[in-house]
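1 is the number of the first residue of the sequence shown in the UniProt record's numbering; add one for each residue after it. Glycine is no exception: its CB is placed at the ideal position from the N, C-alpha and C atoms. All values derive from a computational prediction rather than experimental measurement. Presented below is the structure to which this report refers.
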Amino acid sequence: MARPRTHDLDQLLDVAERLVADHGPERFTVRGLAAASGVSNGAIYHAFGSLPVLLGRLWLRAAGEFLDLQTELADAAYEAGGPDGAAEAVVAAAGTPAVFADRRPAAARMLISVRRDQLLGPEVPEELTEAMFALDKRLVALLIRLSRGLWGRADGAGVEVITVCVVDLPTALFRRALTAPTADGKPVVTEDCRERLRTAVRAVLTLPPPPPNTRPAPAKPSPPR
1 MARPRTHDLD
11 QLLDVAERLV
21 ADHGPERFTV
31 RGLAAASGVS
41 NGAIYHAFGS
51 LPVLLGRLWL
61 RAAGEFLDLQ
71 TELADAAYEA
81 GGPDGAAEAV
91 VAAAGTPAVF
101 ADRRPAAARM
111 LISVRRDQLL
121 GPEVPEELTE
131 AMFALDKRLV
141 ALLIRLSRGL
151 WGRADGAGVE
161 VITVCVVDLP
171 TALFRRALTA
181 PTADGKPVVT
191 EDCRERLRTA
201 VRAVLTLPPP
211 PPNTRPAPAK
221 PSPPR
């Protein structure tokens with residue numbers, strides 16, 4: 001049985017993404033994907049090998065795109081922000097879930113509802129597991145870079161403050177919008193909610209981190225969810 005072409009795989013993952021976003025990973029099946037996509041069970045197994053691998057690839061694609069966008073937005077804000085560029089980079093990084101939801105609604109809904117840990121297991125190949133953990137390292141590197149830009153620090157206390165801004169606050173303020181059912185499956189994060197996040201992040205950043213300590217930077221933060 002012929003393996004689907006790369007373009008076809010992307011379309012198949014798009015369908016899978018919507019199904020997982022709508023129903024969660026627990027109710028996601030190859031049979032359901034086949035019915036929704038028109039691709040046979042056999043072709044899907046031939047392309048991915050197993051359901052856990054398919055889900056892992058799906059999460060990895062969405063999380064990688066999210067981090068690409070987060071880095072892009074932070075860099076652009078830093079360049080355009082002048083004297084306040086370092087703080088505005090943090091604000092932009094924090095607001096990424098809303099921008100990502102505008103561009104990739106199903107992926108944003110999936111990431112807010114599916115934890116990476118749900119997808120790990122003995123059936124997931126080592127290279128796929130390593131790729132997932134590599135995203136953690138990318139996120140930690142961004143958090144450290146933002147902390148250095150603001151305070152010239154890369155210690156755990158500084159990175160924890162950035163994590164509050166970039167992970168904790170967006171999760172708290174955007175979760176309801178990203179998980180609420182909508183007629184077209186597109187989350188609606190209002191401008192009021194986005195502005196409240198920006199205001200909250202700037203307020204947090206008015207206080208410097210506590211004195212440096214010996215605690216390491218967080219090892220495994222996850223994209224806002």
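So, at 6 Å on beta carbons, what are the nonlocal neighbours of residue 153 in its own chain, with the 5 sequence-adjacent residues on each side left out?
Here the set comprises 147.
How long is the line joining the alpha carbons of residue 108 and residue 207, rounded to whole angstroms?
Rounded to the nearest angstrom, the two C-alpha atoms are 31 Å apart.
Rounded to the nearest angstrom, what separates residue 14 and residue 44 at their Cα positions?
Rounded to whole angstroms, residue 14 to residue 44 spans 13 Å at the Cα level.
Where does residue 66 sit, in a helix, a strand or coil, going by DSSP?
Helix.
Using three-state DSSP, classify residue 93 as helix, strand or coil.
Note: residue 93 maps to helix in three-state DSSP.
Three-state secondary structure (DSSP) at residue 120?
It is coil, neither helix nor strand.
Tell me which same chain residues have a C-beta within less than 7 Å of the C-beta of residue 201, skipping the five on either side of it?
90, 91, 94, 165 and 169.
Buried or exposed for residue 63, please, with buried defined as at least 16 other CB atoms from any protein chain shown within 10 angstroms of its CB.
With 16 or more Cβ atoms within 10 Å of its Cβ, residue 63 is classed as buried.
Measure the alpha-carbon distance for residue 88 versus residue 76 and round it to whole angstroms.
The alpha-carbon atoms of residue 88 and residue 76 are separated by roughly 9 Å.
Among residues of its own chain, excluding the 5 on either side of residue 121, which ones have a beta-carbon nearer than 7 Å to its beta-carbon?
For residue 121, where only same-chain residues beyond five positions count, the Cβ hits under 7 Å are 52.
The alpha helix (DSSP H) that contains residue 192, what's its start and end?
Residue 192 -> alpha helix (DSSP H) spans 191 to 205.
Less than 7 Å between C-beta atoms, sequence neighbours within five positions excluded: which residues of the same chain meet that for residue 33?
Counting only Cβ-Cβ distances below 7 Å, and skipping sequence neighbours, we find 15, 16, 19 and 44.
My guess is that residue 66 and residue 111 are in contact by the Cβ rule of under 8 Å, so how many angstroms apart are they, rounded?
Indeed, because the Cβ distance is near 6 Å, the residues count as touching under 8 Å.
Reducing DSSP to helix, strand and coil, say where residue 186 ends up.
Note: residue 186 maps to coil in three-state DSSP.
How would you label residue 50, buried or exposed, when you count the other beta carbons within 10 angstroms and need 16 or more for buried?
It counts as exposed.
Assuming the contact rule is C-beta atoms closer than 8 Å, residue 255 and residue 113 should be a hit. Round their C-beta distance to whole Å, please.
Beyond the ends of the chain as shown, which are 1 and 225, falls residue 255; an answer cannot be given.
For residue 71, does the three-state DSSP call read helix, strand or coil?
Reduced to three states, the DSSP call for residue 71 is helix.
Once the 5 residues before and after residue 118 are set aside, which same chain residues still bring their CB inside 7 Å of it?
25, listed in sequence order.
Quick check: what's the CA-CA separation for residue 212 versus residue 46?
Using only the alpha carbons, I get a separation of about 52 Å.
Using CA coordinates, which residue listed in 194, 60, 9 and 8 is at the minimum distance from residue 124?
The residue with the shortest Cα to Cα distance from residue 124 is 60.
For residue 230, which residues in the same chain have their Cβ closer than 6 Å to its Cβ, ignoring the five residues on either side in sequence?
In the structure displayed, the chain extends from 1 to 225; residue 230 sits before or after that span and is not available.
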